[in-house]
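Asker: Residue numbers (our numbering): 436 to 590.
My questions will all concern the structure given below.
In structure tokens:
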């Protein structure tokens with residue numbers, strides 16, 4: 436769908452369907468079916484709301500190269516900057532937003548089931564002493580754990 440200044444009220448994406456917005460906008464894009472794809476050629480022009488995302492759905496940002504992607508409530512932040520659109524309701528419980536380069540200077544975002552669960556028992560320690568932390572992890576779908584970052588430790 437294209438057209439400069441064209442704005443659609445609501446666009447529904449059905450099962451295995453792809454909708455590409457080229458210089459067009461929509462108030463709402465609703466992923467009604469499974470494994471839908473929304474392609475945004477000029478993502479800054481899209482100021483609507485995306486809703487009903489679920490595992491298998493894809494958002495292809497043709498004009499954004501991402502090194503970090505964070506979904507904070509309804510706000511999608513790419514490289515630390517909030518996008519011009521919102522994601523209503525976030526993601527289903529247990530799902531995550533994975534991303535990778537599309538090979539043409541853009542980024543593909545895919546809703547995926549959580550592949551890693553990490554847990555530990557509560558621990559206590561003494562100031563200036565090492566603290567032993569034992570993690571247990573569970574990986575699904577052929578995933579591998581390469582690094583672990585521990586943050587938010589008060590000092």
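Quick reminder that beta carbons are idealized off the backbone N, C-alpha and C, glycines included.
Quick caveat, the model's predicted, so the values are computed rather than measured.
#1: Is DSSP giving residue 444 helix, strand or coil here?
#2: For the candidate residues 511, 517 and 555, whose alpha-carbon lies nearest to that of residue 545?
#3: Does the separation of the CB atoms of residue 548 and residue 490 fall below 7 angstroms?
#4: Does the distance from the C-beta atom of residue 463 to that of residue 483 stay below 7 angstroms?
#5: Assign residue 574 to buried or exposed, taking buried as 16 or more other Cβ atoms, counted over all protein chains shown, within 10 Å of its Cβ.
#6: In its own chain, which residues sit with a C-beta less than 6 angstroms from the C-beta of residue 505, not counting the 5 before and 5 after it?
#7: Name the DSSP bridge partner or partners of residue 548?
#8: Can you check whether the CB of residue 496 is closer than 7 angstroms to the CB of residue 519?
#9: My output table needs one value for residue 478: the three-state DSSP class, helix, strand or coil.
#10: Here's the rule: buried if 16 or more other CB atoms are within 10 angstroms of the residue's CB, otherwise exposed. What is residue 524?
#11: Between which residues of its own chain and residue 474 is the CB-CB distance below 6 angstroms, once the five residues before and five after are set aside?
#12: With residue 509 and residue 522 assumed to form a contact (beta carbons below 8 angstroms), what rounded beta-carbon distance in angstroms separates them?
#13: Pull up the distance between the alpha-carbon of residue 498 and that of residue 444, whole angstroms please.
#14: Tell me which residues share the same chain as residue 539 and place their Cβ nearer than 8 angstroms to its Cβ, disregarding the 5 neighbours each side in the sequence.
#15: Output the boundary residues of the beta strand (DSSP E) element that contains residue 507.
Answerer: Let's see:
#1: Note: residue 444 maps to strand in three-state DSSP.
#2: Ranking 511, 517 and 555 by Cα distance to residue 545 puts 511 first.
#3: Taking the C-beta atoms as reference points, residue 490 is found nearer than 7 angstroms to residue 548.
#4: For residue 463 and residue 483, yes; Cβs fall inside 7 angstroms.
#5: Its Cβ having fewer than 16 others within 10 Å, residue 574 is exposed.
#6: Counting only Cβ-Cβ distances below 6 angstroms, and skipping sequence neighbours, we find 512.
#7: BP columns for residue 548 point to 530.
#8: Not in contact: residue 519 and residue 496 (Cβ atoms no closer than 7 angstroms).
#9: The three-state secondary structure of residue 478, taken from DSSP, is helix.
#10: By the neighbour-count rule (16 or more Cβ atoms within 10 Å), residue 524 is not buried but exposed.
#11: Non-local C-beta neighbours of residue 474 in its own chain, meaning closer than 6 angstroms and more than five positions away in sequence, comprise 455 and 495, ordered along the chain.
#12: Under the criterion of beta carbons closer than 8 angstroms, residue 509 and residue 522 qualify as touching, at roughly 5 angstroms.
#13: Rounded to whole angstroms, residue 498 to residue 444 spans 23 angstroms at the Cα level.
#14: For residue 539, where only same-chain residues beyond five positions count, the Cβ hits under 8 angstroms are 497.
#15: Where residue 507 is concerned, the enclosing beta strand (DSSP E) stretches over 504-507.
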